[in-house]
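This report concerns only the one structure given below.
There are 2 protein chains.
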Amino acid sequence: MHVDSPEFEALYDAMKAFVDTCMSGHDPSHNPAHVHRVVSLANKILVEEQARRPEGQLDGASLDPTTMVEHALLQQNAPKGIASKVQKIVSHVSYTTECKDPAVVRQLIDTGYPELAVVQDADRLDAIGAIGIGRCFTFLGAVGKKYAVDGKWEMDNSIEHFSDKLEKLEGMMKTETGRKMARVRTERLNIFRGWWEEEMNDAKLTF
Amino acid sequence: MHVDSPEFEALYDAMKAFVDTCMSGHDPSHNPAHVHRVVSLANKILVEEQARRPEGQLDGASLDPTTMVEHALLQQNAPKGIASKVQKIVSHVSYTTECKDPAVVRQLIDTGYPELAVVQDADRLDAIGAIGIGRCFTFLGAVGKKYAVDGKWEMDNSIEHFSDKLEKLEGMMKTETGRKMARVRTERLNIFRGWWEEEMNDAKLTF
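Sequence order for the protein chains is S and Z.
Per our numbering, residue 3 is the first one in the first sequence, and the count goes up by one each step.
Per our numbering, residue 3 is the first one in the second sequence, and the count goes up by one each step.
Below, the structure written as structure tokens:
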């Protein structure tokens, strides 16, 4: 199935609708718009990486706009090979999963799944910069209460998340293109944090 | 009741506890920490404005760390004059109320309630800059679904709120001190919006 074929287009449309339905109940930090941004970023990284590495190791057709699993693809008559490849990639995008065993991701990327690097980088770019900041606070508002330690549901939890995770993402980027974009967005996190500290300091009780 | 008296200190502590209780159920965009920041900012503005206008028109004791109404103060044995003054100020802090009839606020400030200018500016400073951005997205996540037009619960709603309201606040500042701080924070909104647009553009579908 070629990425320019009518079959691919139909599959793409069907899976896009599927994802929109699946994600529509989520708060704006993890809704269909997030997925669509990640898909676009992945495509942008793919195009640049393909230009950098014209030997053509990357398979564009596996970068479907989805987080769906194999069976959803098969139900839409996707080729088996693509369905299983996407499933494998989706299952290994997670930051938490990678932190537990980074070698697994490294090996997948080196042995048949180079697209995983592209998808991971795209997903992580949407977690940093201004959009990442917006998502971080939106998530806090929407579901942060559940994750509050000792009942502390405060905006500072989001700022702590910057250093707990967001500032680490740049160093985990897998593609040159992703790394370059991450540099810019991580600097934005730093600037924002500087503003935050200054403003919090302005609002300290002094009487 | 002087602001340095033990009676004032006891009243302050009692009302702080009252506010903490009242606001503790709110999401982090409008919780006790927000109130405490506004109190501190109000105090900072008060101190600077008093230095600028040493004729001493401002009554520090009416800047209690509260959004409570008259009866709550009276229950804590606050002097009647202070209780009614605070009530009047609290009732006129709102941006929406002011927009409906700006002359009312202007007149109150000019005729016996100059503290209203200080409290308003403090409250509005907490709506702009990095903290304002954080609060805006936290609010979106926590309760933005209720306010979504046509079911559009998206982070863009927060960015639209920048121009709908947040960018207008600087021009409505009532004190020189507040205006100076608002200038810095409004510029931060602009920078953040520039980042946002660039990143959203990066994540536009191009295939």
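All C-beta atoms in this analysis are idealised placements derived from N, C-alpha and C, irrespective of residue type, glycine included.
What you are looking at is a predicted structure, and each value in this text was computed from that prediction instead of being measured.
| Query | Result |
| --- | --- |
| P8(Z) at chain S interface by Cβ criterion, 8 Å | no |
| Chain-ordered chain Z contacts of R39(S) [CB-CB under 7 Å] | A205 |
| C-beta contact flag for P34(Z) and D22(Z) at 8 Å | yes |
| Three-state secondary structure (DSSP) of I130(Z) | coil |
| Given L207(S) as reference, the closest of K18(Z), E156(Z), H4(Z) and A12(Z) once Cα atoms are compared | K18(Z) |
| Positions along the stretch 81-96 of chain S whose CB lies within less than 7 Å of some CB in chain Z | none |
| The ligand SAM heavy atom lying under 7 Å from the CB of I91(S) | Ligands displayed in this structure: none; no statement on the ligand SAM is therefore possible. |
| Residue-chain proximity (A144(S), chain Z), Cβ-Cβ < 8 Å | yes |
| Alpha-carbon spacing of E201(Z) relative to I130(Z), whole angstroms | 21 Å |
| Residues of the stretch 22-35 of chain S whose Cβ lies closer than 8 Å to any Cβ of chain Z, in chain order | D29, P30, S31, N33 and A35 |
| The alpha helix (DSSP H) enclosing A35(Z), as first and last residue numbers | P34 to R54 |
| Test: K170(Z) CB closer than 8 Å to a CB of chain S | no |
| 7 Å Cβ shell around P30(Z) - same chain, five flanking residues per side excluded | T140 |
| Neighbouring residues, chain Z, relative to T188(S) (Cβ below 7 Å) | None at all; the shortest Cβ gap to chain Z is about 12 Å. |
| Per-residue burial, A124(Z) [other beta carbons within 10 Å of its own, 16 or more giving buried] | buried |
| Interface residues of chain S facing S165(Z) [CB-CB closer than 7 Å] | Chain S residues near S165(Z): none, gap ~16 Å exceeds 7 Å. |
| C-alpha distance - K87(S) paired with H38(S), whole-angstrom precision | 20 Å |
| Inter-residue spacing [alpha-carbon to alpha-carbon] between L65(S) and F194(Z) | Low local confidence applies: a pLDDT of 39 at L65(S) is under 50, so the model's placement there is unreliable, with the coordinate-based value given in what follows. The alpha-carbon atoms of L65(S) and F194(Z) are separated by roughly 30 Å. |
| Residue of V40(S), E51(S) and G143(S) minimising C-alpha distance to V95(S) | V40(S) |
| Rounded separation between V49(S) and A184(S) - CA only | 17 Å |
| CB of D128(S) within 8 Å of CB of H28(S), strictly | no |
| Chain Z residues whose Cβ lies nearer than 8 Å to that of F141(S) | G143 |
| Neighbour flag for L191(Z) against chain S, beta carbons, 8 Å | no |
| Simplified DSSP state of D6(Z), which is helix, strand or coil | coil |
| Own chain partners of K147(S) with C-beta closer than 6 Å, once the 5 adjacent residues on each side are dropped | W155 |
| Cβ-based burial, N192(S) [other Cβ within 10 Å; buried from 16] | exposed |
| Between the CA atoms of L171(Z) and A63(Z) - distance to the nearest angstrom | Note that A63(Z) scores 40 on pLDDT, short of 50, meaning its location in the model is unreliable and no value can be drawn from it. |
| Per-residue contacts from F20(Z) into chain S (C-beta, under 8 Å) | By Cβ distance, chain S contributes nothing, its closest Cβ being about 17 Å from F20(Z), past 8 Å. |
| Where M157(S) falls: helix, strand or coil (DSSP) | coil |
| Whole runs of the alpha helix (DSSP H) within the stretch 73-134 of chain Z, excluding any shorter than 4 residues | 82-93, 97-102, 104-112 and 117-127 |
| CA-to-CA distance, Q109(Z) to V186(S), given in whole angstroms | 48 Å |
| CB contact check: S64(S) to chain Z, cutoff 8 Å | Residue placement at S64(S) is poorly supported in this model, since its pLDDT is 39, which falls under 50; the coordinates are not used for a value here. |
| Beta-carbon neighbours of M157(S), restricted to chain Z and to distances below 8 Å | P30, S31, A35, I133, G136, R137 and T140 |
| Distance CB(V120(S))-CB(A44(S)) smaller than 8 Å | yes |
| Within-8 Å CB hit, E100(S) to chain Z | no |
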